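Heads up, the sequence shown is in our numbering, so the first residue is 22 and it goes up one at a time.
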Amino acid sequence: MNPFYSYLPFLLFAFVASITPGPTNILILTSSQRFGIKATLPAVVSACVAASLIVFISGAGAGEVLRSYPLVREVMNWAGALWLSWLSWQLFTAPAADLQGEAQRPFSGRAAAMLQLINPKTWMMALAVVSLFAPHGAHPLREVSLLSLWFLLISLLCLSAWTLLGKAVNRLFRTTTSLLWFQRVMALCLLLSAWAGFLGA
22 MNPFYSYLPF LLFAFVASIT PGPTNILILT SSQRFGIKAT LPAVVSACVA ASLIVFISGA
82 GAGEVLRSYP LVREVMNWAG ALWLSWLSWQ LFTAPAADLQ GEAQRPFSGR AAAMLQLINP
142 KTWMMALAVV SLFAPHGAHP LREVSLLSLW FLLISLLCLS AWTLLGKAVN RLFRTTTSLL
202 WFQRVMALCL LLSAWAGFLG A
């Protein structure tokens, strides 16, 4: 079998995990909407690099640690949910983006990378990678590295699409009131995504 085709199930999984709405996607979209594509690109790159590193360290053994110590995973989930709740409140109470004014502070690369460390969706995805696609060959570390690289490339494409979508929002919502309501809806979506894992438990 062609080596590329052997990766197709993982590539599809990585695409679905990256393109579906989650905390990172929502924050990238709103940052692009408020501050523009160029200002949001550092966050896109940082989030994707951090997520791919989590895939790598999970495949290299950290995933088994989280499986063995569910309390650690639970603490991480609670910390992530609480921080995302705070971010959603900040977004909900923020004024509408000024289409003629200068941006104040976009979603930073450091914040995007840190978000991945406490983002329940990222760790759930990484644990699924370990469960479903963990290599069993003679060179597992090399295989995990390739999975991480593929995930990096796909997540960059998917988050870039969310960045473009955020910029398009300003063309759909042309008034301050409509932009304010859009931001508040995104804030509620962020809050829901933060607690979705607990609601589904």
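We put the beta carbon where it would ideally sit given N, CA and C, even for glycine. Note that the coordinates shown come from a computational prediction; the quantities given were computed from them, not determined experimentally.
In the structure shown, what three-state DSSP assignment does residue i receive?
i	result
Pro116	coil
Ala217	helix
Arg131	helix
Ala163	It is Arg, not Ala, that sits at residue 163 in the sequence shown. Of the three classes helix, strand and coil, the one that applies to Arg163 here is helix, per DSSP.
Arg195	coil
Arg126	coil
Among the options, which has the Cα closest to the Cα of residue i?
i	options	result
Cys69	Phe203, Ala132 and Pro91	Ala132
Trp216	Ser73, Ala102, Ala38 and Leu33	Ala102
Pro116	Ala81, Gln204 and Val165	Gln204
Pro91	Thr51, Ile58, Met145 and Trp104	Met145
Leu173	Phe31, Phe56, Ser181 and Ala72	Ala72
Tyr28	Leu200, Leu170, Leu178 and Leu193	Leu170
Thr143	Trp107, Ser129 and Ser176	Ser176
Ala100	Phe113, Phe56 and Leu136	Leu136
Measure the Cβ-Cβ separation of residue i and residue j and say whether it is below 9 Å.
i	j	result
Ala64	Ile49	yes
Val150	Gly80	yes
Thr184	Leu33	no
Lys188	Ile47	no
Gln54	Asn140	no
Pro127	Ala60	yes
Ser109	Ala182	no
Pro30	Leu168	no
Cys179	Pro42	no
Ser67	Ala134	yes
On the CB-based measure, 16 or more other CB atoms within 10 Å of its CB, does residue i come out buried or exposed?
i	result
Val206	exposed
Leu148	buried
Leu162	exposed
Ser199	exposed
Thr51	buried
Leu105	buried
At a threshold of 8 Å, does residue i count as lining the ligand MN (C-beta to nearest heavy atom)?
i	result
Ile58	Although the ligand MN was asked about, the structure shown includes no ligands whatsoever.
Fill in: Residue ranges of each alpha helix (DSSP H) within the segment 35-99, 4 or longer
DSSP runs (the alpha helix (DSSP H)) wholly in the segment 35-99: 44-56, 58-78 and 84-89.
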